[in-house]
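S.K.: Chains as they are written, first to last, in the numbering used here: chain D, 265 to 733; chain A, 9 to 178; chain U, 22 to 119; chain W, 1409 to 1909; chain B, 38 to 676.
Quick reminder that beta carbons are idealized off the backbone N, C-alpha and C, glycines included.
Quantities reported herein were computed from a predicted structural model and do not represent experimental measurements.
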Amino acid sequence: MHDFASFLPLVITCAGALLLMLYAVCPKAEQEKASLMSMGFFAVAFFAQLLVVCTVSRSVFPETFNGLLGVSSFTNAACLIIYACGFFTTLSSHTYFRENHFATVEFYSLLLFSAVGMVLLSMARELITAFIALEIMSLAIYILVGFNRASSRATEALFKYFILGAFSGAFFCMGTAMIYGAAGSTRFESIAEWLAFNPATTPLMLGGAFFLLITIFFKISAFPFHAWVLDVYDGSSNPITGFMATALKTAAFALIANFLALSGNLHDSWITGLFWIAVFTMFGGNLIAIGQDNIKRMIAASGIVHSGYLLIALVAINSEHFSGAVIAYYLAAYSVATLGMFAALSWLGGEGEKRVNFDDFKGLAKRQPLAAATITIFLLSMAGIPPTAGFMGKFYIITSAITAGQIALGVLGIISSILSMWYYLRLIVSMYFHDAEEDFVVNGTSLASISTVALAIGTFAIGLFPLVL
Amino acid sequence: MYIDTLFSIFALTAVAGSLGLVLFRHPMRSALCLAVTMISLAGIYALLSAKLIFLLQLIVYAGAVTALIVFIIMFLNLREKDLPEENERFTYFIGGAVVLIPVAWFMIKVMKSIPEVKNSIVGNGFGSIKEVGQMLFTNWLVPFEIISLLLLVTLIGAVVLAGIRRESND
Amino acid sequence: MIEDYLVLSVILFCIGILGVISRRNVFTVLMSIELMLNAANLAFVAFARLNETMDGQILAMMVIAVAAAEAALGLAVIILLHRQKGRLDSNVFSLLKG
Amino acid sequence: MFESALTVMIFLPIVAGALILLCPAKGAARIIGFFVSLIVLMIGVQLFIDFDGQAGMQFVYSTPWISSLGISFGLGVDGISLLVLLTSAVLFPLVFCVLKEQSRNFYANLLLCQGAMIGAICATDLVVFYIFWELMLVPIFFTIGLYGGPGRLPATLKITIYTIAGSLLMLVGIIYVASCYHQQFGVWTFNMARLSALSLSGGFAGWAFLMFMIAFAIKIPIFPFHTWLPDAYTEAPPATSFVLSAIMAKIGVYGMIRFVLPFFAPEFISWATFFLFLGIIGMIYCGIAAIGQKDIKRMLAFSSASHMGVIAIGVCAMNVQSLTGSLFQIAAHATSTGVLFLFVGLMEERLKTRNIDALGGLAYRAPIFATFFAVAMLASVGLPGTSGFIGEFLIILGTVKYSMFLGLLTGFTLIVGVCYMLWMFQRVFYEKESETTTRFTDLTAGEAFSFLPVMILIFVMGIFPQLFISKIEPAVQQQIAQLYAPAQQQVVTNEISVTDK
Amino acid sequence: MEHTVNYLVCIPLLPLAGAFVLGMMHMFTCKNPLPEKLYSFLAMLGPLGSLIFTLIVFATLREMPAESRYLTQDLFTWFSVGDLHVDMGFFADPLSTLFLLFVTFIGSLIHIYSIGYMAGEENFGKYFAYFNLFLGSMLILVLGNGPVVMFIGWEAVGLCSYLLISFYTKERDNVLAGNKAFIVNRVGDLGFVLGVAVLFWGLHSALGGAGFDYLNIKASASSLTGGAGLAVCLLLFLGATGKSAQIPLYVWLPDAMAGPTPVSALIHAATMVTAGVYMVARFSFLYASFPLAGDVVAWVGILTALLAAIIGCFQRDIKKILAYSTVSQLGYMFAGVGVAAYSAGIFHVFTHSFFKALLFLGAGSVIYGLHHEQDIWKMGGLKKKMPLTWIVMVIGALALAGFPPFAGFFSKDEILFMALAKGHWMIWLIGVGVAGLTAFYSFRLIFLVFHGEPRDQKSYEKAHEPPPVMTIPLIILAVGATFAGFFNLPSFFAGDSMVSTWLAPSLLEHHSEASRVTEGVAMVLSIAVVLLGIFYAWKTFAFKPQDKPLTGFAKWAEDKFYVDEFYNAFIVQPWIAFGRTISNFIEPNIVDFPIKGTAWLYGVLGMLFKVFQAGYVRVYAIYMVIGLSLMSIFLSQSL
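#1: Taking T1779 (chain W) as the query, report the chain B residues whose CB atoms sit under 9 Å from its CB, ordered along the chain.
#2: Residues of the stretch 36–52 of chain U in Cβ contact with chain B at a cutoff of 7 Å, in chain order, please.
#3: Quick check: the Cα distance between V230 (chain B) and F249 (chain B), rounded to an integer number of angstroms?
#4: Count Cβ pairs between the stretch 613–620 of chain D and the stretch 567–574 of chain D that sit closer than 8 Å; are there 3 or more?
#5: Quick check on E370 (chain D): buried or exposed, where buried means 16 or more other Cβ atoms within 10 Å of its Cβ?
#6: Ignore the nearest five residues each way along the sequence and tell me which others in D699 (chain D)'s own chain have a CB closer than 8 Å to its CB.
#7: With A318 (chain B) and Y379 (chain B) assumed to form a contact (beta carbons below 8 Å), what rounded beta-carbon distance in angstroms separates them?
#8: Taking the CB atoms as reference points, tell me whether F34 (chain U) and A67 (chain U) lie closer together than 8 Å.
#9: How would you call H358 (chain D), buried or exposed, if buried means at least 16 neighbouring beta carbons within 10 angstroms?
#10: Taking C-beta to C-beta, are I147 (chain B) and T91 (chain B) nearer than 8 Å?
#11: Cutting at 6 Å between CB atoms, please list the residues of its own chain near L408 (chain D), excluding the five before and the five after it.
#12: Among the residues of its own chain, which have a CB less than 8 Å from the CB of E296 (chain D), if the five just before and after it don't count?
#13: Considering only the alpha carbon of each residue, which of W:Q1462, W:T1568, W:I1526 and W:G1557 lies closest to I692 (chain D)?
#14: Is any beta-carbon of chain B found at less than 8 Å from that of T465 (chain D)?
#15: Answer with yes or no whether the minimum CB distance from Q78 (chain U) to chain D is below 8 Å.
#16: How about S176 (chain A): is its C-beta nearer than 8 Å to some C-beta of chain D?
#17: Just checking: is the beta-carbon of L101 (chain U) within a distance shorter than 8 Å of some beta-carbon in chain A?
#18: With a cut-off of 8 Å on the beta carbons, I'd call F116 (chain B) and I1689 (chain W) a contact; round off their distance for me.
#19: Measuring only between beta-carbons, confirm whether L17 (chain U) sits less than 8 Å from chain D.
#20: Anything in chain D within Cβ reach of P151 (chain A), meaning under 8 Å, just list it in chain order.
#21: Considering only the beta carbon of each residue, do Y210 (chain D) and G657 (chain D) sit closer than 8 Å?
#22: Would DSSP call S117 (chain B) helix, strand or coil?
#23: List, in chain order, every chain B residue whose beta-carbon is nearer than 9 Å to that of P123 (chain A).
#24: Quick one: complete alpha helix (DSSP H) runs, 4+ long, within the stretch 102–185 of chain B?
#25: Opposite Y1469 (chain W) in the DSSP bridges: which residues?
#26: Taking Cβ-Cβ distances below 7 Å as the criterion, which residues of the stretch 487–514 of chain D are in contact with chain U?
#27: Verify the contact flag: I1659 (chain W), CB atom, against every heavy atom of the ligand GTP, threshold strictly below 7 Å.
#28: Runs of 3 residues minimum, wholly inside the stretch 368–398 of chain B: which ones carry the beta strand (DSSP E) assignment?
#29: Measuring straight from C-alpha to C-alpha, what distance separates S527 (chain D) and I443 (chain D)?
#30: Among the candidates B:V471, B:S552 and B:K415, whose CA atom is the shortest distance from the CA of L485 (chain B)?
#31: Can you list the residues of chain W that T663 (chain D) reaches, using a CB-CB cut of under 8 Å?
#32: When you compare the CB positions of G468 (chain B) and A565 (chain B), do they come within less than 8 Å of one another, or not?
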């Protein structure tokens, strides 16, 4: 197969985004059709990517695009996750916008654009390309967050996210500059060559990597760069929150993993730092999550914790034979559960997201048993109860940590997951063990409910057949 | 040397401008200070033999961006009461400066680790439009292309956020 | 000396950070971020001069573009905020918390 | 026995449970559940009959699952797991027979629980074990939370979070053990038998040992990790209390014997006295606490904890007699205290109260019930001739060998049990009839016939224990021999620092 | 010689089967009971069948040469774990056969008596089910081939005792007495089990995996070393003190009188309580090798005898008096086996079973006649109304007091003399004193009940002689109480010590010879003391005795020296209070504290972090900068 085939899914997504943008101009454009179209683009891109994964055995020539973009099994996996996230987000959106009327065609266009940015981010083998991809992704997401202009909450979320995101983006630039100063190039390949002969603790390299990491930490909401995440998730619409929580994190982790896997040298110099960040992220996230009454905020906080777990995997990755399988697997597991949660929330949230608090879901199991069951499955997966995907993900992460000699980190990760049990169970308790106070009327079968069920099945499927590994 | 002298002048202007930017209460003044900083920086780029960047800095930043900002400030017709009081900004500034000392110290240490090279104007093609352009369209094609995507997104965003919206269920 | 340029870049960068954390006026915050990006640009150009490769300048160019895009979007956000509350105090926007 | 018997035993209930959840017919749930559990019972009994005590691991089934880490879906039964397996297979139909529980959801959960428990018992791969081990908690969580008493919410959260906390720590231990094996032999495996080649001590292994121990100690529970138990057992619906005390707690003991003994032999030997002492404290402490209870179920809960302490003592005394005693007592305790929970459930169903003070004179109104209850109670206090004696006797005998003084303390189990049991029996079944009691009706023929097999089992186990012991004793001998054998491959684990430069 | 037979199992099995059948019948028909005759008939089958098989066993053993006089029957392996191999089997040798004989014989008699005594009772069927169960259990105890099998019977008789003491379950006190009996017995059982365990570990290398039964234990007993051996003896004796009501565990027996009187006769006088003596005799080979243990047994025994006799002198309840007398007599028996006079001890068990059963059944007749009046101060002059009962009671009292030639005289005197002969003169002295006390309280009972004026006219009017089904067993027992002593007529009276000779193969006994003169003097002395006791009782109680409140020492003795109160205050109440404290305070506040504290801390931290999420974008930026700053400090170090 041709080398460019690897980029086919990207091209499809990009074309989709542009087409939808053009479609938006058309006076008869309807957002519902646009949602179906974007669904189609994501699906096609996903299957194209799947085809790529299954058939392309050769890696891309390093000369392609001057080596600024690269493809590996890890990026392929990350792209798969991103496309799938996009697909399920459009499903949720389709349902969500039945009761919330602020969508336009541009919404889906931007969704596709942000997916393009994410895919580029995970493929980037050069820092400024990464920066631009990051900005494409971020800007598109900012807009999506603030899409509901009538809502002051959405606007506020947009504002916070934008200011802090731009603020953190500046660090990326500074970091890139420093690395450029040190290695004379921003291409990963050249940096790796340079690192082969120079220590990673060369001040410029150290400082550069530091500032780069800060931006990534911000994007993955690692402690202490986490504070935005609750407010932003809270303020944005359900499908977008799901998309942000999953695809964006996947892309950011793809970048950081690609970067750290450049050379063992670089990775080793960051182990201590990552260790502490991971620990603080896990525990900080837990302590924030415990006090939340709003499900979206709780999931946001739990997202912080999950980032902590992923950081454990980052600590433990072996740059000699980096496959990123553990990270990809965990991201997939996490994404499935989180997307499922938000699909369910999109479906059940009601008009203007009137049901968002734990108490709003009291007695759901009595009225909507299937919905309650699927939400339970997602929560159990996030909590890491076997045989869900979340458990296997956690299992791999702890295994990789212990194999890498980071036993303390493994233990701390486990302790954190014990702490996380409380707030996951709390929602289950709400749904099952209280009497219903309302009827949870939702209008019929919807795409979101289908996607919820599909994701619930996916949770088990990924857990029981971990094909990635 | 005249380069050093020019650098000192530009640097002082830039710092002064940036301080003004941060400390002036009214955004209009801040915007003007920003313009001052931008222009000083453009001069510094010139000193660093980055001709194209020098131009871009003047055109895009000092020109377009600052103008845009000023325009929006005027557009919003901000009055005194719309602006936050912000009497505490000096306190925060000083407190923040204290917090930032380690960061600055760290960064300066990092920066000072480079070999001592005397700046002098590099002649010929270095930083000229042609050379840079050639590189841009060969080695750096991908970022260049995807920047177009970025601008598209911004375009849509500006329309979606600030423009007139055709509501979906009209 | 090249490092003077870099130190200048650091100073501007830090002043930008200070702007972000000490100001509530959204405009000023936005401009402070622009300042930070500019500081990074300065570093790019200085390093380009140091390494005598032009890659740094191209990178700076990219950053200028990104900064412009960000500024544009930022201004759109500001307009939106102004429409919502009529005020540009960032502390006014604290509906989401806790 | 057909090759995949164990697989069927695990997945039949799980699939049936899922089907019950999906199928809308309400009345059928209980019948389906009963027949499924009956099939499992028959397979279990046939398996027991076909089991050859001398042959080690049997009915082995294994299929690779995650090859990169050497995880395979492996099942098998040996002498250590036989009785636990038998208990969980045999006693389950009873739950479906006697209690008129509410909804299909409940039965589905019970079936899931049975499948998961059998899975945990049969697994020969640590990961598979762990998965089932955690999985069995989920139905427990739901049954307590949905069908429990008034204080069910805190109770169910406490048991769930507490036990998960323990087992998650064990997960670290499991991975650590496998990684030690990997470090030493260069291959990944989670297979129990292969990992048994390790004999870890020192460094982090000590912590890993404690992680395993605490996980099992919470599940068993050993003092002072028992505090979830009274609430959970009391608030749980009777069937769940039965499952918890009769089977689930036993899997903790089983795990201790199966995993801790071989993997951490040196550590276990050096910690044994400590844990034995904890077992004794728990036995006496919970026994005394049981006296103060007004709620009959809570009293049984403490009694159960007290007995579990004895079983744990048997494991910690580390000789053939005590270990066999513990394994035997696992089954015996299920027939006695476990069944008592069901009786109390029946009582509560009829009288709507569990308060001992409100009861009295049940024996006059319900002689059959009283007799059955008395038999189970006497088995629980370890009367010779009933199932409870053999295990207790062997444990005491074994502990005396370990240490005369500790043996003496262990012997107190003979006394503490009767104190609260007799006093409770007096106030509930004897004395003057109370007003509440007049509503009581004796066991129906159906109920009596459901319980009859257990009553017979109590005596069979007391009089012909050799039927069971002969099948488990060789495995115990081997386990003990392995424990004391100088470790063939002593793994010296280096303290791995928190951060590596 | 063929020692294996296949009918031993029938001896315990018949009553057990009877118990099962009766129990089932009663359980399913208790709402409309079956006729009593049916129960009576079925209930008699078991004991009589056992009696017949016992006689066969006896006859078979007599055929055998004295040195190897035993029969065994191994049914199946009970359990076999490691070295420990326990067969479910039975073992009959002269010792067990003697027990079999009187247990089945007296058991049958009391069954017959009960038919009359229990007539018309509500739970007639249950009573006989329990009774049969008891008999079966007692026979297992006696016949078991090793300590573990014996323990089945040992505990089962305790259970039956519990069931029968609390037979009238509607009264709380009865059930409490039953509980007390069971729990106190359990304390003893703890000793027994531990003793067996220590014994096993002491012998297991010598046993080498062979069956853990008496024959093998005896064969390898020499390998038991000092400390362990002593421990075994003392622990087993702890078991015996529980079952046989010795200091410090005697307290349950007086309370056990709450049960029906035939139960007291059979279980708490004639058979079960002697199990401890049987056990010590069974392990005579151990006690003989560890004299210190023997001394402990003897001293505990004689002190119990003294204490119980003193208390017995001041009781008012007819059954309590007999109960204390039982405790006292059991003390004698232990004194006997303690000083290694095993056959004397066992012989006292034998005679005691006759006269004590007789006394209890007689007391039962009195109680029956007076419609459940038990206070002797409310009786009096019953001689006229119940002549037959009077006669048998007097015989019983004489036998109890040890007046020649009644049964008690020979056995008790044998014990006392053996103690003297083995040099335990203190024990002898106390024993003689106790004999005087025994004579005093037994005749105090006789005089107060049967002589003088009726003190409670109303119940006196209604008093009557019981029906023949009750009196016939009384007569048979009276005959036994009179002549049982002659079975072991010592050589002093030119007898041939038949019982001792019979028991000799089972017991490890070293006869000590003392001069005939000493024996004679001792005997005369003890008879004199007995006479003194009877005389004093006659003088005090035969004529218009005054029922005045006791004071001083007598009051103490009447209140049993407050031992029960002591146990209650220092063991039972603290135990219960501790239980309450645990469940109300320690469990929730101390043991659960780490859990609750963790949860609380977690919650508080959660609230704190909620505050940190202030909602101001500037604050979030400040967090970032602070983080940045800290990391910079950290990284600066590596520059």
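M.R.: On the basis of the data shown:
#1: Here the question's residue 1779 (chain W) lines up with position 371 in the fourth sequence. Using a Cβ-Cβ cut-off of 9 Å, T1779 (chain W) is close to G60 and M64 of chain B, given in chain order.
#2: Taking 7 Å as the Cβ-Cβ cut-off against chain B, the residues of the stretch 36–52 of chain U that qualify are I38, V41, I42 and R45.
#3: One-based indexing of the fifth sequence puts residue 230 (chain B) at position 193. One-based indexing of the fifth sequence puts residue 249 (chain B) at position 212. For V230 (chain B) and F249 (chain B), the distance between alpha carbons rounds to 14 Å.
#4: The stretch 613–620 of chain D vs the stretch 567–574 of chain D: no contact.
#5: The residue labelled residue 370 (chain D) in the question sits at position 106 within the first sequence. Buried is the label assigned to E370 (chain D), since at least 16 other Cβ atoms lie within 10 Å of its Cβ.
#6: Against the first sequence, residue 699 (chain D) aligns to sequence position 435. Excluding residues within five positions, the ones whose Cβ falls inside 8 Å are K626, G627 and K630.
#7: Your numbering for residue 318 (chain B) matches position 281 in the fifth sequence. Your numbering for residue 379 (chain B) matches position 342 in the fifth sequence. Between the beta-carbon of A318 (chain B) and that of Y379 (chain B) there is about 5 Å, and that keeps the pair under the 8 Å contact cut.
#8: Here the question's residue 34 (chain U) lines up with position 13 in the third sequence. Here the question's residue 67 (chain U) lines up with position 46 in the third sequence. The beta carbons of F34 (chain U) and A67 (chain U) sit no closer together than 8 Å.
#9: Numbered from 1 along the first sequence, position 94 holds the residue referred to as residue 358 (chain D). H358 (chain D) comes out buried.
#10: Numbered from its first residue, the fifth sequence carries residue 147 (chain B) at position 110. Numbered from its first residue, the fifth sequence carries residue 91 (chain B) at position 54. Taking 8 Å as the cut-off, the beta carbon of I147 (chain B) is found no closer than this to the beta carbon of T91 (chain B).
#11: Taking the first sequence and counting its residues from 1, one reaches residue 408 (chain D) at position 144. L374 and I504, listed in sequence order.
#12: Walking along the first sequence from the start, residue 296 (chain D) turns up at place 32. Correct list, in chain order: H358 and F361.
#13: Here residue 692 (chain D) is taken as the residue at index 428 of the first sequence, counted from 1. Distance from the Cα of I692 (chain D) is smallest, within the candidate group W:Q1462, W:T1568, W:I1526 and W:G1557, for W:T1568.
#14: Taking the first sequence and counting its residues from 1, one reaches residue 465 (chain D) at position 201. Yes, contact with chain B.
#15: The sequence position of residue 78 (chain U) within the third sequence is 57, counting from 1. Using a CB distance cut-off of 8 Å, Q78 (chain U) does not count as an interface residue toward chain D.
#16: Looking up residue 176 (chain A) in the second sequence gives position 168. Annotation note: pLDDT 47 at S176 (chain A) (below 50); position unreliable, no value reported.
#17: Walking along the third sequence from the start, residue 101 (chain U) turns up at place 80. Judged by the 8 Å Cβ criterion, L101 (chain U) is in contact with chain A.
#18: Within the fifth sequence, numbered from 1, the residue matching residue 116 (chain B) stands at position 79. Within the fourth sequence, numbered from 1, the residue matching residue 1689 (chain W) stands at position 281. Their Cβ separation, rounded to whole angstroms, is 29 Å, which puts F116 (chain B) and I1689 (chain W) out of contact at 8 Å.
#19: There is simply no residue 17 (chain U) to check, as chain U begins at 22 and stops at 119 in what is shown.
#20: For the purposes of this step, residue 151 (chain A) is identified with residue 143 of the second sequence, where counting begins at 1. Contact of P151 (chain A) with chain D by beta-carbon distance below 8 Å involves L332, E390, I392, T393 and I396.
#21: Given a span of 265 to 733 for chain D in the structure shown, any question on residue 210 (chain D) remains unanswerable.
#22: For the purposes of this step, residue 117 (chain B) is taken as the residue at position 80 of the fifth sequence. Strand at S117 (chain B).
#23: Here residue 123 (chain A) refers to the residue found at position 115 when the second sequence is read from its first residue. None at all; the shortest Cβ gap to chain B is about 16 Å.
#24: DSSP runs (the alpha helix (DSSP H)) wholly in the stretch 102–185 of chain B: 131–154 and 161–180.
#25: The residue you call residue 1469 (chain W) lines up with position 61 of the fourth sequence. In the DSSP assignment, the residues bridged to Y1469 (chain W) are W:L1483.
#26: Here the close residues are D495, D498 and G499.
#27: Judged by which ligands are present, the structure shown has none, so any question about the ligand GTP falls away.
#28: Listed in chain order, nothing qualifies, since the stretch 368–398 of chain B has no complete beta strand (DSSP E) run of 3 or more residues.
#29: The sequence position of residue 527 (chain D) within the first sequence is 263, counting from 1. The sequence position of residue 443 (chain D) within the first sequence is 179, counting from 1. S527 (chain D) and I443 (chain D) have their C-alpha atoms spaced approximately 14 Å apart.
#30: Mapped onto the fifth sequence, residue 485 (chain B) falls at position 448. Of the listed residues, the one whose Cα sits closest to L485 (chain B) is B:K415.
#31: Here residue 663 (chain D) refers to the residue found at position 399 when the first sequence is read from its first residue. L1477, I1583, A1586 and S1587, listed in chain order.
#32: Your numbering for residue 468 (chain B) matches position 431 in the fifth sequence. Your numbering for residue 565 (chain B) matches position 528 in the fifth sequence. Not in contact: G468 (chain B) and A565 (chain B) (Cβ atoms no closer than 8 Å).
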